[in-house]
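**Q** So the sequences go chain by chain: A and B.
The first sequence begins at 1 in our numbering and counts up by one.
The second sequence begins at 1001 in our numbering and counts up by one.
For every residue, glycine included, the Cβ atom is placed at its ideal position computed from N, Cα and C.
Take this structure first; my questions come after.
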Amino acid sequence: MNRTYIVIGIIVLLLVIGVLVWKFGTSEAPTVPTPGQTLAPPADDTTGAINQALDGVTLTDLNQEFQAIDDEINKL
Amino acid sequence: MFKNIISLFFVFALALPAGAQTRSVVATSTRDAVQQFKQTVSSTRANFQIMMEQSRLQFQESMDAARTQLQTRLGEHRQALQTQLQKIRDERKRTSVQNIDDQMNDLNKRRLEHYTNVLDHLVTVLDRIASRADKAATRGADISAVRTAIDAARVAIDAARAAIASQTAKVYNITISDDTTLKNDVGKARRALQADLKIVHEKVKAAYEAARNAATTLAQIPRVDEATSTIPIATSSTSTVQ
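Structure representation (structure tokens):
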């Protein structure tokens, strides 16, 4: 009789573990973005505004940046 | 009865790994679905944003690693410089070399910040290009050339970011022989810094030109500015560059 209870106990325990493993395991899977998801509005996206934004990009002269260092080196 | 218990253990021992395997299959199929989504997503802008988000995260990781590496290297570098400075008898020159070394480290940092800002700005511009391209596509315009140009710009931005991360971890050791060769010794380190920054500069310039090309390609679509949006709008905001 005692053995029957032990067997039932083990079955219940394993079932609980199985359910927990399944539930928490699958919840770790990444979520899939849906094609219908919405996007934040961009800034003005007319070609004029885009060109203006590109014109505003300045890559400052690299050589000029070394001027102060060169002045110091020349004093050595 | 014991046989029954042992049998049950075997059954569950087999069932649990099978469940784990099923979970693994679910996770794999989810990843596949993400990949498929990326490939089939119809919005140029959504696709661009997904790719740029991945790129941004990767860049952030690289920069974190580079900054940690730089801290270690700077400690060693300062110690090595003190040893080198002992070869100079003139106190004024010693101070000068120390100043030059500081200025070189500052310049490297400042330039890389400048390049990072430029690339961030280019990302926002490309986002606008992708948005306008989507609007043109809803009118039936062929935007395949714009998509290709945006992809090329994205690749160029990634390459420039990788160069920035690599340059971030660099320090320039000054090896001094004696007072007489000091100018040349310091000059070597200065030239090395300039050569390395030039490489990064060229990559950022290439990214800019690729973005410009995407804008030009977009502008070639007839009546592109007339198209209006049919894309749903959310409440989150895009990043801006100072």
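Going by CA-CA distance only, name the one from D1064(B), R1089(B), E1091(B) and M1104(B) that's closest to R1078(B).
**A** Considering only alpha carbons, the answer is M1104(B).
**Q** If I follow the unbroken alpha helix (DSSP H) through F1059(B), where does it start and stop?
**A** From DSSP, the alpha helix (DSSP H) with F1059(B) extends over T1044 to L1085.
**Q** With three or more C-beta pairs closer than 8 Å as the rule, is the stretch 1047-1054 of chain B touching the stretch 1145-1162 of chain B?
**A** Short answer: they touch.
**Q** Are the CB atoms of A1156(B) and A1210(B) within a distance shorter than 8 Å?
**A** In contact: A1210(B) and A1156(B) (Cβ atoms closer than 8 Å).
**Q** By Cβ distance below 7 Å, which residues in the same chain neighbour T1216(B) in space, the five residues on each side in sequence not counted?
**A** So no residue of the chain qualifies.
**Q** So what does DSSP say about R1089(B), is it helix, strand or coil?
**A** R1089(B): coil per DSSP, three-state reduction.
**Q** At 8 Å on the CB atoms, spell out the chain B contacts of L20(A), in chain order.
**A** Result: empty, since nearest Cβ-Cβ is about 11 Å, beyond 8 Å.
**Q** Provide the residue span of the alpha helix (DSSP H) that contains R1147(B), from first to last.
**A** Run containing R1147(B): S1144 to T1168, per the alpha helix (DSSP H) assignment.
**Q** Tell me which residue opens and which closes the alpha helix (DSSP H) that L1226(B) is part of.
**A** The amino acid at residue 1226(B) is misidentified as Leu; the sequence shows Glu. Neither: E1226(B) is in no alpha helix (DSSP H) and is coded neither H nor E.
**Q** Going by DSSP, what residue range makes up the alpha helix (DSSP H) through G48(A)?
**A** Element bounds for G48(A): T47 to D55.
**Q** Looking at chain A, is there any beta carbon in it that lies within less than 8 Å of the beta carbon of R1161(B)?
**A** Output row for R1161(B): interface = no.
**Q** Quick one: using the 10 Å Cβ neighbour count with 16 as the cut-off for buried, is R1110(B) buried or exposed?
**A** By the neighbour-count rule (16 or more Cβ atoms within 10 Å), R1110(B) is not buried but exposed.
**Q** Terminal residues of the continuous alpha helix (DSSP H) containing G1187(B)?
**A** Counting along the chain, the alpha helix (DSSP H) containing G1187(B) begins and ends at L1182 to A1219.
**Q** Measuring only the C-alpha atoms, how far is A1169(B) from Q1098(B)?
**A** Cα to Cα, the separation comes out at about 20 Å.
**Q** Pull up the distance between the alpha-carbon of L76(A) and that of D1064(B), whole angstroms please.
**A** Cα-Cα distance, rounded: 36 Å.
**Q** By the criterion of Cβ-Cβ separation under 9 Å, what are the contact partners of V1118(B) in chain A?
**A** Result: V57, T58 and L59.
**Q** Please report whether the beta-carbon of K75(A) lies at a distance below 8 Å from any beta-carbon of chain B.
**A** Yes, contact with chain B.
**Q** Helix, strand or coil for R1139(B), going by three-state DSSP, please let me know.
**A** In this structure, R1139(B) counts as coil in the three-state DSSP scheme.
**Q** Got a sec? Which residues, its chain only, sit under 7 Å from R1132(B) by beta carbon, not counting five neighbours each side?
**A** Result list for R1132(B): L1218 and V1224, in chain order.
**Q** What residue range is occupied by the uninterrupted alpha helix (DSSP H) comprising A68(A)?
**A** Residues Q67 to N74.
**Q** I'd like to know whether the C-beta of I69(A) is nearer than 8 Å to at least one C-beta of chain B.
**A** It does: the Cβ of I69(A) has a partner Cβ on chain B nearer than 8 Å.
**Q** Considering only their Cβ atoms, is the gap separating D1120(B) from I1174(B) smaller than 8 Å?
**A** No, the Cβ-Cβ distance between I1174(B) and D1120(B) is not below 8 Å.
**Q** If we define contact as Cβ-Cβ less than 8 Å, is V1146(B) a contact residue for chain A?
**A** Cβ-Cβ to chain A under 8 Å: no for V1146(B).
**Q** Pick helix, strand or coil for S1096(B), following the three-state DSSP scheme.
**A** Three-state DSSP puts S1096(B) in a helix.
**Q** Look at the alpha carbon of L1197(B) and the alpha carbon of N1108(B), and state the distance between them as a whole number of angstroms.
**A** Taking the straight line joining both Cα atoms gives about 7 Å.
**Q** Using a Cβ-Cβ cut-off of less than 8 Å, give me the residues of the stretch 1090-1104 of chain B that come near chain A, in sequence order.
**A** So the close ones are K1093, S1096, V1097, N1099, I1100, Q1103 and M1104.
**Q** Use the C-beta contact count for R1092(B): other C-beta atoms within 10 angstroms, 16 or more gives buried, fewer gives exposed.
**A** Under this definition R1092(B) is an exposed residue.
**Q** DSSP three-state call for S1236(B): helix, strand or coil?
**A** With a pLDDT of only 38 at S1236(B), under the threshold of 50, the placement of this residue in the model should not be trusted; the figure read from the coordinates follows. Coil.
**Q** Whole angstroms is fine: what's the gap from L1122(B)'s alpha carbon to D44(A)'s?
**A** Their backbone Cα atoms lie some 15 Å apart in a straight line.
**Q** In its own chain, which residues sit with a C-beta less than 7 Å from the C-beta of L1081(B), not counting the 5 before and 5 after it?
**A** So the list reads D1101 and I1174, once near-sequence residues are dropped.
**Q** What is the DSSP secondary structure of Y1172(B), counted as helix, strand or coil?
**A** Coil.
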